[in-house]
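Numbering (UniProt numbering), first residue to last: 1 to 589.
For every residue, glycine included, the Cβ atom is placed at its ideal position computed from N, Cα and C.
These notes concern the structure reproduced below.
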Amino acid sequence: ASVAHELSEEFIKYTRTGVESTRLRQLGAELRTSHSRQEIFTESLVDLSAADQYFICTACRATVNVFARTLTSGELSGPNRDAEAKRTFVGLCTYLDIQSAEICGGLFDLNWPLFDFIVNETIAESNSICGLLPITICQIKQDEYKLNVTYTANNPTTEHNSYTTPSSDKDLHVLQLTDIHYDPEYKVGGWAATCQDPLCCRLDLPANSNAAGAGYWSDYNVCDSPKHMIVNAFEHISKTHKLNWIYHTGDVPPHNVWSTTKQGNMDMLTEIDSLIAKHFPETPVYSCLGNHEPHPTNVFGNEAVPAELKVDWLYQHVWSLWSKWLPAEAKTTVLRGGYYTVSPSKGYRIIALNSMDCYLFNWWLLYDGSLVLEQLQWLHDTLQKAEDAGEVVHILSHIPSGDSDCWSAWSAEYNRLLAHFRKTITGIFNGHTHKDELNVHYTAEGWAVAVSWNGGSLTSLSNKNPNYRVYQVNHENWKVVNYETHIFNLTAANLQPDTPPNWFKEYEFVREYTSDMSPAGIHELLNKMAKQPNLLRKFWRFKHAQADPKLAEGCDDKCLSQTICRMATSNYKDKTRCKQLQAILKETV
């Protein structure tokens, strides 16, 4: 904290006088060389190096300090207020070599109106604001925020959630599409390998560059999906699989977080929706929102947010796209908060959540955490009605509750709901991480009550082979009895740009792991993986869709430990089960 304080004080002097002190020059030199420009934008915070984590914490605290000081001192006031604020932010952003002036300026333009409102309306200090980040050195002791949903009954958990559900010829087949990240500006042969922007494959290669250009079918570097790859995927899926319906779990726009527009995001959502409708005209599609749908990226509010900062335009737009598969009464909650429920047939229900209520980069959480309680209470009430009616439920939610970027207070209450309605909820489907993975949800007492399945991503960002997943679901109880993941190898595909990629079934869950896909069965699978590192290594290979750069990198003992921990974590701040498995694994590797 002292380095951040010193940096902010010295930088404020610099902005006032134009004179760079010796100490500021020293701090700047140390910090500029201590971080990776691209990875701090593209990697999960917990997966960053210690140096990158230190940099982010320091830069966060210094930035908040600079704005808090200049705002309270009255320096940022008058007709030039916004221009001065931008000059200050871009100055600090480029001084620390966070990104280029263009990207720093874009980030400011998109986020300043909201950030300005929040800073003026709250009294939080930089340590407490930046302490929300899942970085150990940044966290301080704070009172744990509690979200208290009102329950209508008590339903204690006393055992693992176990059941046996055989597969049959009557089983349903459900496609999960997630994290498509369509980039209309993808440039085949463009700048990929040495680019340091938060998103590449959009610009021409620099002059005299010997770097390989962006691949035709996408790229292992920090690049999103060209349209022709998406079209090819949809064509292949429609010809290969007989589907009952589609779960589309969010994130259509690309990772150009500094240059999004409302119209651009709406156009991409419309275009992908039209492509899905073209290739699957008779197949119902049930969607949920991802963090890249709004403008600016990540930022969702609700009814309590000032009108000019709301995302009502997005809710209205997705309703126009989703409504063909939803009942009229779903319009109320879609327009209010981007969530809904639908019963495709008697006895069955789908609940689609807006999980941005838990996302730490949704700045409205800094303003008032209680804003998220409304949707959680609605989730309880909807599940209670479903249970009373004898229905079974699938939940769609973009961000996994155990993700390090998901607010632990939200995760804690969400996990309580999953435990309470463990016999009603028969499937949970996530995206966001771009990884083919799963999470077991545990109670505080250690009982496994639910499993969340993560469908990976169609985008290759980054170091992934594009993939999709098809679930086999029991037609009577809606329990997942198997799934298969399909991929193509990017290296091989890009060697033959004129030939469609060779999509193939990468694996089938039951054949590779276990036929017991109940929470109790996956609980036992984790025990088995901890005792058999080779099985865990196989999971890691599939997790990254066997992408060539990842296979070359390999997974050492630390990587294996992190892999099994992630599967056993459904609230980032509760690592009880994770530590049990890591202890078993340590004895076997």
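Asked	Found
Just to confirm my understanding: we take Glu524, look at its own chain, exclude 5 residues before and 5 after, and list those with CB closer than 8 Å. What are they?	Thr514, Asp516
Just reading off the alpha helix (DSSP H) that Leu133 is part of, what are its end residues?	From DSSP, Leu133 is part of no alpha helix (DSSP H); its letter is neither H nor E.
To test your reading of the DSSP string, which unbroken alpha helix (DSSP H) runs of 4 or more residues are found completely within the UniProt domain "Saposin B-type" (53–142)?	81–95, 101–121, 126–130
I need the boundaries of the beta strand (DSSP E) containing Trp453, first residue and last residue.	448–455
Would Thr457 and His475 be called neighbours here (beta carbons separated by less than 8 Å)?	Before going on, a small fix: residue 457 reads as Ser here, not Thr. Not closer than 8 Å, so no.
So Asn430 is in the beta strand (DSSP E); what residue range does that whole segment cover?	425–430
Looking at C-alpha atoms only, which residue of Gln38, Ala59, Asp557 is the closest neighbour of Leu585?	Asp557
Less than 8 Å between the CB atoms is what I'm expecting for Ser397 and Ile428, so what's the real figure, rounded?	7 Å
For Glu413, which residues in the same chain have their Cβ closer than 6 Å to its Cβ, ignoring the five residues on either side in sequence?	Leu147, Val149, Leu376
Taking its Cβ as the centre, do 16 or more other Cβ atoms sit within 10 Å of Thr332, making it buried, or is it exposed?	exposed
Roughly how many angstroms lie between the CA atoms of Glu185 and Trp191, to the nearest whole one?	12 Å
How big is the Cα-Cα spacing for Ala1 and Val393?	Residue confidence is low: Ala1 scores 49 on pLDDT, short of 50, so the model does not pin down where it sits. No coordinate-derived value is stated.
Taking DSSP's pairing of strands, which residues face Gln472 in a bridge?	His173, Asn482
Pick out whichever of Thr499, Leu199, Leu48 has its Cα sitting closest to the Cα of Gln562.	Leu48
For Trp245, write down the residues that DSSP places opposite it in a beta bridge.	Val174
Take Asp357 as the anchor and find which of Lys170, Trp410, Met229, Ala389 has the nearest alpha-carbon.	Trp410
Am I right that Gln176 and Tyr471 are in contact with their C-beta atoms under 8 Å? What's the rounded C-beta distance?	7 Å
Quick check on this structure: which residue in Cys223, Thr499, His432, Val334 has the alpha carbon closest to the alpha carbon of Val188?	Cys223
Would you kindly check if the distance between the Cβ of Ser167 and the Cβ of Ala520 is under 8 Å?	no
Can you tell me which residues form a DSSP beta bridge with Asp183?	DSSP lists no partner for Asp183.
Suppose the cutoff is 6 Å on Cβ atoms and the five residues either side in sequence are ignored; what does the same chain contact list for His236 look like?	Trp503
Scan the stretch 256–330 and note each continuous beta strand (DSSP E) run of 3 residues or more that stays entirely inside, going in chain order.	285–287
What does the alpha-carbon distance come out to for the pair Asp171 and Val64?	54 Å
Do Thr270 and Leu243 have their C-beta atoms within less than 8 Å of each other?	no
If you pair each beta-carbon of the stretch 291–304 with each one of the stretch 245–265, do three or more pairs fall below 8 Å?	yes
Let me know the secondary structure DSSP gives Ala1 once reduced to three states.	Model confidence at Ala1 stands at a pLDDT of 49, short of 50, so the residue's coordinates are unreliable; what they give is reported in the following sentence. Three-state result, Ala1: coil.
Within a Cβ cutoff of 6 Å, which residues of the same chain sit near Ala211, ignoring the five residues on either side of it in sequence?	Ala193, Thr194
Could you tell me how far apart the beta carbons of Ile522 and Val440 are, in whole angstroms, since I believe they sit closer than 8 Å?	5 Å
By the DSSP assignment, the beta strand (DSSP E) with Tyr507 in it spans what residues?	504–508
Could you give the distance in angstroms between the alpha-carbon of Phe539 and the alpha-carbon of Phe509?	10 Å
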